[in-house]
Amino acid sequence: MRTVSAVFQTMRPPFLLLVVSCLLQSIGLLTYLNIDWSWLIFSLVCVCGLSAHIAVNMLNEYHDCASQLDFHTSRTPFSGGSGALVSNPDVLNAVRITGWFFIVATAVTGLLIMRLSTAQPFQLVTMGLLGLVIVIAYTPILNRYAILCLLAPGVGFGLLMSYGCFVVLGGNHSFEVMLLALVPTLLTNNLLLLNQFPDAEADQQHGRNHLVIQHGYSTAAYVYFVQWQFALLALLTGLWLLEVPWFVYCAAIPMVVGLRIYALAKDFNKTTPAFLAGMGQNVMMTLLTPALLGVLLCVAG
Numbered sequence: 002m003r004t005v006s007a008v009f010q011t012m013r014p015p016f017l018l019l020v021v022s023c024l025l026q027s028i029g030l031l032t033y034l035n036i037d038w039s040w041l042i043f044s045l046v047c048v049c050g051l052s053a054h055i056a057v058n059m060l061n062e063y064h065d066c067a068s069q070l071d072f073h074t075s076r077t078p079f080s081g082g083s084g085a086l087v088s089n090p091d092v093l094n095a096v097r098i099t100g101w102f103f104i105v106a107t108a109v110t111g112l113l114i115m116r117l118s119t120a121q122p123f124q125l126v127t128m129g130l131l132g133l134v135i136v137i138a139y140t141p142i143l144n145r146y147a148i149l150c151l152l153a154p155g156v157g158f159g160l161l162m163s164y165g166c167f168v169v170l171g172g173n174h175s176f177e178v179m180l181l182a183l184v185p186t187l188l189t190n191n192l193l194l195l196n197q198f199p200d201a202e203a204d205q206q207h208g209r210n211h212l213v214i215q216h217g218y219s220t221a222a223y224v225y226f227v228q229w230q231f232a233l234l235a236l237l238t239g240l241w242l243l244e245v246p247w248f249v250y251c252a253a254i255p256m257v258v259g260l261r262i263y264a265l266a267k268d269f270n271k272t273t274p275a276f277l278a279g280m281g282q283n284v285m286m287t288l289l290t291p292a293l294l295g296v297l298l299c300v301a302g
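Every position in the sequence shown, counted from 1, becomes a number in our numbering once 1 is added.
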């Protein structure tokens, strides 16, 4: 049971809510635009998205334990790993094998989706392959290049998962939907960016080279602010182009805390209780904005 519990913890179950949030936005857009969609294909999309997220979480835990990084981080509820492998290093190989099992599950469900969807197969193959590359390469390769480390999370969750779900279920592309997909894209980029602040020194010592390491806290905070602004602009512009009812604009309410989080980030020196609270608010903003947008669009539809 101890082994099962440790392996389960490396899946980072609370973090999987981001998949639900991104897919809920897609369902809201399909409903508002009155596009029929298949529950079977949506179920496969859910399995594919959850499998991909579990895989990247588990492989990240595996690599960070194997490199000894997780033995030198200051663990928070939002960063520094789950701690499961630090306490149970004997399950390291089991985590690696399980992570690869979920990669296979991602690929298999992706092939089933491609077979059932009316979207163009080449486009689905391209999105699927890019997603697999991100999942497999995120920790061992992408984390060594600041710009790739910054953009990969948002591309995976916003463009591939949220917008990809719309394309798979709807069969067509939409500029307005792609614009709104930038909301989870940019917010997810910021989620991972802020979570890198507490462990920047340990990350650098173990071969990582993300934006905080390469350019410092102040520049990273400014990038956070710029991405937050563009996310808000994409949200408001996309809703205006879709001519939604006024109450759908309430989806922007969770984003108000972005200003306070930026203020905490630009003055970062060490991980204080205030900064930890800001990290929590950042998580809530990232989860609630797409989810609330999806719910409000369903109501409007």
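Backbone N, C-alpha and C fix where the C-beta goes; we use that ideal spot for every residue, glycine too.
_To test your reading of the DSSP string, which unbroken alpha helix (DSSP H) runs of 4 or more residues are found completely within the segment 159-192?_
Correct list: 165-171.
*By how many angstroms is the C-alpha of residue 200 removed from the C-alpha of residue 147?*
Indexing the sequence shown from 1 puts residue 147 at position 146. Indexing the sequence shown from 1 puts residue 200 at position 199. In a straight line, the C-alpha of residue 147 is about 15 Å away from that of residue 200.
*Terminal residues of the alpha helix (DSSP H) in which residue 2 lies*: In the sequence shown, residue 2 corresponds to position 1, counting from 1. Counting along the chain, residue 2 falls outside any alpha helix (DSSP H), and DSSP gives it neither H nor E.
*Classification of residue 116 by the beta-carbon crowding that lies within 10 angstroms, buried from 16 upward*: For the purposes of this step, residue 116 is taken as the residue at position 115 of the sequence shown. With fewer than 16 other Cβ atoms within 10 Å, it is exposed.
*asked:* If you follow the alpha helix (DSSP H) that residue 135 is in, where does it begin and where does it stop?
replied: In the sequence shown, the residue the question calls residue 135 occupies position 134. Residues 122-138.
*Whole angstroms is fine: what's the gap from residue 168's alpha carbon to residue 217's?*
Against the sequence shown, residue 168 aligns to sequence position 167. Against the sequence shown, residue 217 aligns to sequence position 216. Between residue 168 and residue 217, the C-alpha separation is close to 38 Å.
*asked:* Using CA atoms only, rank isn't needed, just tell me which of 119, 219 and 144 is closest to residue 38.
replied: As a first step, residue 38 is located in the sequence shown; it is residue number 37 there, counting from the start. Comparing Cα positions, the closest option is 119.
*Is residue 238 helix, strand or coil by DSSP?*
The count along the sequence shown starts at 1 and reaches residue 238 at position 237. Note: residue 238 maps to helix in three-state DSSP.
*Alpha carbon to alpha carbon, how far is residue 239 from residue 231? Give it in angstroms, no decimals.*
In the sequence shown, residue 231 corresponds to position 230, counting from 1. In the sequence shown, residue 239 corresponds to position 238, counting from 1. When rounded, the distance between both Cα atoms is 12 Å.
_For the segment 136-151 against the segment 7-17, do three or more pairs of beta-carbon atoms, one drawn from each stretch, fall closer than 8 Å, so that the two count as touching?_
no
*What does a CB cutoff of less than 6 Å around residue 111 pick up in its chain, not counting 5 residues either side in sequence?*
The residue you call residue 111 lines up with position 110 of the sequence shown. Correct list, in chain order: 49 and 129.
*Give a yes or no on whether the C-beta atoms belonging to residue 86 and residue 66 are separated by under 8 Å.*
To locate residue 86, count along the sequence shown from 1; it is residue 85. To locate residue 66, count along the sequence shown from 1; it is residue 65. Against a cut-off of 8 Å, the Cβ pair of residue 66 and residue 86 comes out as a contact.
*Residue range of the alpha helix (DSSP H) that includes residue 253*: Working through the sequence shown from its first residue, we reach residue 253 at position 252. From DSSP, residue 253 is part of no alpha helix (DSSP H); its letter is neither H nor E.
_I'd like to know if the segment 25-39 and the segment 71-82 are in contact, where contact means that at least 3 CB-CB pairs between them fall below 8 Å._
For the pair of segments examined, the segment 25-39 was found not to touch the segment 71-82: the number of CB pairs separated by less than 8 Å stays below three.
*Under 6 Å Cβ to Cβ from residue 106, same chain only, skipping five residues before and after it: list those, please.*
Counting from 1 along the sequence shown, the entry for residue 106 is found at position 105. These residues qualify, in order along the chain: 52.
*From residue 268 to residue 219, what does the alpha carbon distance come to, in whole angstroms?*
Looking up residue 268 in the sequence shown gives position 267. Looking up residue 219 in the sequence shown gives position 218. So the alpha carbons of these two residues sit roughly 7 Å apart.
_For residue 32, report the span of its alpha helix (DSSP H) as first-last._
For the purposes of this step, residue 32 is taken as the residue at position 31 of the sequence shown. Note, residue 32: alpha helix (DSSP H), 18-33.
*Out of curiosity, what's the CA-to-CA distance linking residue 234 and residue 58?*
The sequence position of residue 234 within the sequence shown is 233, counting from 1. The sequence position of residue 58 within the sequence shown is 57, counting from 1. In a straight line, the C-alpha of residue 234 is about 30 Å away from that of residue 58.
*asked:* Judging by CA-CA distance, which residue of 283, 20 and 241 is the nearest neighbour of residue 229?
replied: Working through the sequence shown from its first residue, we reach residue 229 at position 228. When each option's Cα is compared against that of residue 229, the closest is 283.
*asked:* Assuming residue 225 and residue 266 are in contact, meaning their beta carbons sit under 8 Å apart, how far apart are those beta carbons, in whole angstroms?
replied: Taking the first residue of the sequence shown as position 1, residue 225 is located at position 224. Taking the first residue of the sequence shown as position 1, residue 266 is located at position 265. Between residue 266 and residue 225 the Cβ distance is about 6 Å, and since that is below 8 Å, they are a contact.
*residue 199 in three-state terms, based on DSSP*: As a position in the sequence shown, residue 199 is number 198, starting the count at 1. DSSP places residue 199 in coil when its eight states are reduced to three.
*With residue 77 and residue 272 assumed to form a contact (beta carbons below 8 Å), what rounded beta-carbon distance in angstroms separates them?*
Taking the first residue of the sequence shown as 1, we reach residue 77 at position 76. Taking the first residue of the sequence shown as 1, we reach residue 272 at position 271. At roughly 7 Å, the Cβ-Cβ gap stays under 8 Å, so residue 77 and residue 272 are in contact.
*Hey, could you find the ends of the alpha helix (DSSP H) residue 263 is sitting in?*
In the sequence shown, counting from the first residue as 1, residue 263 sits at position 262. Start and end: 259-267.
*Looking at the structure shown, is residue 209 part of a helix, part of a strand, or coil, going by DSSP?*
What you label residue 209 is simply residue 208 of the sequence shown in a count that begins at 1. In the three-state scheme derived from DSSP, where H, G and I count as helix and E and B as strand, residue 209 is classed as coil.
*asked:* If you reduce the DSSP assignment to three classes, tell me which class residue 101 lands in.
replied: On the sequence shown, residue 101 is found 100 positions in, with the first residue counted as 1. Helix.
_So the candidates are 277, 194 and 24; which of them puts its Cα closest to the Cα of residue 223?_
Numbered from its first residue, the sequence shown carries residue 223 at position 222. When each option's Cα is compared against that of residue 223, the closest is 194.
*asked:* Short of 7 Å in beta carbon distance, which residues of its chain neighbour residue 11, apart from the five on each side in sequence? Order them along the chain.
replied: Your numbering for residue 11 matches position 10 in the sequence shown. Excluding positions up to five away in sequence, the list reads 58, 59, 62, 83, 85, 86 and 96.
*With distances taken between CB atoms, is the gap from residue 156 to residue 186 smaller than 8 Å?*
Numbered from its first residue, the sequence shown carries residue 156 at position 155. Numbered from its first residue, the sequence shown carries residue 186 at position 185. It is a contact, given that the beta carbons lie within the stated cut-off.
*asked:* Using CA atoms only, rank isn't needed, just tell me which of 189, 260 and 162 is closest to residue 43.
replied: Position 42 of the sequence shown, counted from the start, is the residue given in the question as residue 43. For the residues 189, 260 and 162, the minimum Cα distance to residue 43 belongs to 162.
*Provide the residue span of the alpha helix (DSSP H) that contains residue 40, from first to last.*
Along the sequence shown, read from residue 1 onward, the residue named residue 40 stands at position 39. Residue 40 -> alpha helix (DSSP H) spans 40-67.
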